[in-house]
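Residue numbers (this note's numbering): 264 to 659. Structure, as structure tokens:
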Amino acid sequence: MIVGRHVLLGVSGGIACYKTCSVVRQLVEAGAEVDVVMTASAAEFVRPVTFEALSGRPVLTSLWQRDQALAHIQLGRESHLIVLAPATANLLARAATGIADDLLTAILLAARVPILAAPAMNDAMYAHPATSSNIATLAQRGWTFVGPVTGPLAEGPSERPGRMAEPELIFAHIERRLRAPDSSLCDKRVLVTAGPTREWIDPVRVITNPSSGRMGFAVAAAAFARGADVTLISGPARVPAPAGLAMVPVETTAEMLDAVGDRLPETDVLVMAAAPADYRPSQVAAAKLPRADGPLELELEPTADILGSTAARRRKGSIAVGFALETGDEVARARAKLERKQLDLIVLNSALEAGSGFESDTNRTTFISSSSITELPLLNKREVAERLLDAVEAML
Ligand code: CTP
264 MIVGRHVLLG VSGGIACYKT CSVVRQLVEA GAEVDVVMTA SAAEFVRPVT
314 FEALSGRPVL TSLWQRDQAL AHIQLGRESH LIVLAPATAN LLARAATGIA
364 DDLLTAILLA ARVPILAAPA MNDAMYAHPA TSSNIATLAQ RGWTFVGPVT
414 GPLAEGPSER PGRMAEPELI FAHIERRLRA PDSSLCDKRV LVTAGPTREW
464 IDPVRVITNP SSGRMGFAVA AAAFARGADV TLISGPARVP APAGLAMVPV
514 ETTAEMLDAV GDRLPETDVL VMAAAPADYR PSQVAAAKLP RADGPLELEL
564 EPTADILGST AARRRKGSIA VGFALETGDE VARARAKLER KQLDLIVLNS
614 ALEAGSGFES DTNRTTFISS SSITELPLLN KREVAERLLD AVEAML
């Protein structure tokens, strides 16, 4: 998705340098070309050869490297994005005042491309007014920032921010900066639901289903990468939510119904990838039902159809996407759901196919709209999510 994009990654001297190795690896795996530029102090933490091996390209460390006389002018102009990770207090101070006393700061002064910085420093240095005003100056010039976050620092635990954002989060922001300008989802409000819901039988037992949350999380992450303003509403999922997305946690289908309803008036694209429990006990027992009492009969009542209930209240021009997990006459059943719930698109996956559905990393899906039906091959869920959003962009 960022194949052929050129990222200039500036590394300044902080212990978080070791985590930057993982950012380079993720970028290269995603197909980006990465040129790493290190300050002299960064090279004290991690040797340039490490970044050279990860990026597959020579690492630049000095204005005085052979054959690199104009590197500071060219690199900052030819790349699509400059990323600074870690960006130390010293690097931010030099950039804010326009000092260009090494290769990296000379590149920053000559650059005409967007700059994304991941600050990392001691918490007191981050809290210092000099650092705050440097960051404010750089933000005013168009720099964007990811982190710092709270968490353990080199010198021990801290409740205050200073720690560099995790590599996955930095990567997610890089991808977003690179892809958003080309996407019609940029700045659109996308609401995604994920995971199962849970209905209580008694204080210790629930009715639920094996949904892992993966498909909805993949859609949310893909929408974030396209620059969308994403809200993720999730039941108790079994995998961690994607880096950087604010998640609204819910438990029951009724809670998910309310959470979706609250946000519906502002939603441009609704993707219901959740598997809400379809039934709940008519009565929730106040005390644990003893097994010794013998066979148990439960009366179940249907829960609300969340997606169906949104049909009359969706914004004009908004897009609604549902999922259907079917057995039997799958296409006919999915089509009927498309109509009943007034959807623009329904993603059908077979409940019985190996490598597809609830607990798998992959899905074999069929996209059905009122005018088309497209069978997709077995793809990982992120790829399914990307195809789904391509379809949404085509409809927007
Ligand atoms: N869905 C919903 N609210 C529910 C159940 C499902 O909004 N209570 C959504 C799902 O997120 C999915 C779509 O509706 O996008 C289809 O889900 P499915 O369980 O297949 O549909 P049901 O309406 O429950 O139909 P049935 O059980 O009769 O097959």
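For glycine and all other residues, C-beta sits at the position ideal for the given N, C-alpha and C.
message = Let me make sure I understand the geometry here. Which of F314, D365 and S623 has the alpha-carbon closest to that of Q328?
response = On the sequence shown, position 65 is the one that residue 328 refers to. Of the candidates F314, D365 and S623, the one whose C-alpha sits nearest the C-alpha of Q328 is D365.
ask   = Ordered along the chain, which non-local residues of its own chain (more than five positions away) have a Cβ less than 6 Å from that of V534?
value = Looking up residue 534 in the sequence shown gives position 271. Once the five neighbours on either side are set aside, the close Cβ partners of V534 are V455, V482 and V584.
query = Touch check for the segment 524 to 533 and the segment 544 to 563: three-plus C-beta pairs under 8 Å?
reply = no
key: Of the residues K644, L606, E529 and D386, the one placed nearest R578, counting alpha carbons only   = Taking the sequence shown and counting its residues from 1, one reaches residue 578 at position 315. Nearest C-alpha to R578: E529.
query = In chain order, what residues of the same chain lie with their CB nearer than 6 Å to the CB of R452, ignoring the 5 residues before and after it?
reply = For this step, residue 452 is matched to residue 189 along the sequence shown. Only D492, E529, T530 and D531 meet the Cβ criterion.
message = Between the alpha carbons of T516 and S635, how many angstroms are there, rounded?
response = Looking up residue 516 in the sequence shown gives position 253. Looking up residue 635 in the sequence shown gives position 372. In a straight line, the C-alpha of T516 is about 31 Å away from that of S635.
message = Please report the straight-line C-alpha distance between P430 and P503, rounded to a whole angstrom.
response = Working through the sequence shown from its first residue, we reach residue 430 at position 167. Working through the sequence shown from its first residue, we reach residue 503 at position 240. Roughly 15 Å separates the two Cα atoms.
task = Give the secondary structure of E593 by DSSP, where H, G and I count as helix, E and B as strand, and everything else as coil.
result = Working through the sequence shown from its first residue, we reach residue 593 at position 330. In this structure, E593 counts as helix in the three-state DSSP scheme.
key: Boundaries of the beta strand (DSSP E) in which D298 is found, first to last residue   = Residue numbering aside, residue 298 sits at position 35 when the sequence shown is read from its first letter. Run containing D298: E296 to M301, per the beta strand (DSSP E) assignment.
inquiry  = Please classify T224 as buried or exposed, where buried requires at least 16 other C-beta atoms within 10 Å of its C-beta.
reply    = There is simply no residue 224 to check, as the chain begins at 264 and stops at 659 in what is shown.
ask   = According to the Cβ coordinates, are I398 and L354 closer than 8 Å?
value = As a position in the sequence shown, residue 398 is number 135, starting the count at 1. As a position in the sequence shown, residue 354 is number 91, starting the count at 1. Taking 8 Å as the Cβ cut-off, I398 and L354 do not qualify as a contacting pair.
request  = Using 10 angstroms around the beta-carbon of V322, count the other beta-carbons present and answer buried if the total reaches 16, otherwise exposed.
outcome  = Taking the sequence shown and counting its residues from 1, one reaches residue 322 at position 59. Flag for V322 reads buried.
ask   = Is the closest heavy atom of the ligand CTP to the C-beta of P349 under 7 Å?
value = The residue given as residue 349 occupies position 86 in the sequence shown. No, the beta carbon of P349 sits no closer than 7 Å to any heavy atom of the ligand CTP.
request  = Pick out whichever of A506, D624, S325 and R375 has its Cα sitting closest to the Cα of K644.
outcome  = Reading the sequence shown from its first residue, position 381 is the one you call residue 644. For the residues A506, D624, S325 and R375, the minimum Cα distance to K644 belongs to D624.
ask   = Which value, in whole angstroms, describes the spacing of the CA atoms of P466 and I496?
value = As a first step, residue 466 is located in the sequence shown; it is residue number 203 there, counting from the start. As a first step, residue 496 is located in the sequence shown; it is residue number 233 there, counting from the start. If I take the Cα positions, the gap works out to 24 Å.
message = Using CA atoms only, rank isn't needed, just tell me which of L606, A555 and P558 is closest to S572.
response = Indexing the sequence shown from 1 puts residue 572 at position 309. Among L606, A555 and P558, the Cα nearest to that of S572 is on L606.
request  = Would you mind listing the beta strand (DSSP E) stretches within the segment 464 to 529 that are 3+ residues and don't spill past its ends, in chain order?
outcome  = 468 to 470, 492 to 497 and 510 to 512
query = Is the segment 472 to 490 close to the segment 562 to 570, with three or more CB pairs under 8 Å?
reply = no
message = Looking only at its chain, what residues have a beta carbon closer than 7 Å to the beta carbon of L659, apart from the 5 residues adjacent to it on each side?
response = In the sequence shown, the residue the question calls residue 659 occupies position 396. So the qualifying residues of the chain are S447 and I582.
key: Nearest-angstrom Cα separation, counted from V610 out to K600   = Position 337 of the sequence shown, counting from 1, holds the residue named residue 600. Position 347 of the sequence shown, counting from 1, holds the residue named residue 610. When rounded, the distance between both Cα atoms is 11 Å.
query = So does T516 have its beta carbon nearer than 7 Å to some heavy atom of the ligand CTP?
reply = Taking the first residue of the sequence shown as 1, we reach residue 516 at position 253. Yes, since a heavy atom of the ligand CTP falls inside the 7 Å radius drawn around the Cβ of T516.
ask   = Just the Cα atoms here: how many angstroms apart are K551 and I470?
value = Your numbering for residue 551 matches position 288 in the sequence shown. Your numbering for residue 470 matches position 207 in the sequence shown. Straight-line Cα distance between these residues: approximately 14 Å.
request  = Out of D525, R477 and A348, point me to the one whose CA is closest to I278's CA.
outcome  = Here residue 278 is taken as the residue at index 15 of the sequence shown, counted from 1. Among D525, R477 and A348, the Cα nearest to that of I278 belongs to A348.
key: Cβ-Cβ separation, A538 to P459 (assumed contact under 8 Å), whole Å   = Here residue 459 corresponds to residue number 196 of the sequence shown, with the count starting at 1. Here residue 538 corresponds to residue number 275 of the sequence shown, with the count starting at 1. Their Cβ separation, rounded to whole angstroms, is 5 Å, which keeps P459 and A538 in contact under 8 Å.
query = Under 8 Å between the Cβ atoms of A540 and N472?
reply = Sequence index remark: in the sequence shown, residue 540 carries index 277 (1-based). Sequence index remark: in the sequence shown, residue 472 carries index 209 (1-based). The answer is yes: Cβ separation under 8 Å.
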